[in-house]
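**Student:** Input: one structure, supplied below.
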Amino acid sequence: MKVTSSGIDIAMCSQQLINSGAGAFAGFEGWVRNYNDGHKVLQLEYEVYTPIAESEGRKIIQEAKERFDILDAQGIHRSGLLEIGECAVWVGVSSVHRNEAFDACRYIIDHIKVRLPIWKKEYYENGDSGWVNCEQCAAAM
-12 MKVTSSGIDI AMCSQQLINS GAGAFAGFEG WVRNYNDGHK VLQLEYEVYT PIAESEGRKI
48 IQEAKERFDI LDAQGIHRSG LLEIGECAVW VGVSSVHRNE AFDACRYIID HIKVRLPIWK
108 KEYYENGDSG WVNCEQCAAA M
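In the working numbering, the protein residues as written are -12 to 128.
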């Protein structure tokens, strides 16, 4: 699991999971959208405590490898200011079969949203801004 202030190269990330024993790949891309909770969003800013985020992210990926029959998994999360349409988070999983890839991918992104020290600030069209948490993420687990 990595944190970066640069754009995420989705094709390159996916290529890193190619394995001759894999029959499946599942990926998740989280994009910056222009509307949330009744507000028109112009930009997002992510603040990340990188050492713990990367360490905890590696633990999540290791848990997924132990819990699901997968070959490999990776994740990357952005930090800093992001524009509408940019990829904010990416997770990829390779496995022999698709069900394990789907299940592990879901496990990883759900746990990233809850366990990593990442804070999201939205900037709204009306000039306001606000920090957003993911209460529904924890409730869904």
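Every residue gets a Cβ at the ideal spot worked out from N, C-alpha and C, and that includes glycine. Being a predicted model, the structure only gives us computed values, none of them experimental.
CA-CA distance, Thr(-9) and Glu50?
**Tutor:** The count along the sequence shown starts at 1 and reaches residue -9 at position 4. The count along the sequence shown starts at 1 and reaches residue 50 at position 63. Taking C-alpha positions only, Thr(-9) is separated from Glu50 by approximately 22 Å.
**Student:** If Ala13 and Val80 are in contact, beta carbons under 8 Å, what's the gap, nearest whole angstrom?
**Tutor:** Against the sequence shown, residue 13 aligns to sequence position 26. Against the sequence shown, residue 80 aligns to sequence position 93. Right, their Cβ atoms sit about 5 Å apart.
**Student:** By a C-beta neighbour count over all protein chains shown, 10 Å radius and 16 as the cutoff for buried, is His98 buried or exposed?
**Tutor:** As a first step, residue 98 is located in the sequence shown; it is residue number 111 there, counting from the start. When all chains shown are included, His98 counts as buried.
**Student:** What would DSSP say about Asn86, mapped onto helix, strand or coil?
**Tutor:** Locating residue 86 in the sequence shown gives position 99, counting from the first residue. Helix, per DSSP.
**Student:** Can you list the beta strand (DSSP E) stretches of 3 or more residues lying completely in the segment 0 to 65, in chain order?
**Tutor:** 11 to 18, 26 to 35 and 57 to 65
**Student:** For Trp18, which option in Glu32, Asn6 and Gly8 has the closest C-alpha, if you only look at C-alpha atoms?
**Tutor:** Within the sequence shown, the letter at position 31 stands for residue 18. It is Glu32 whose Cα lies nearest to the Cα of Trp18.
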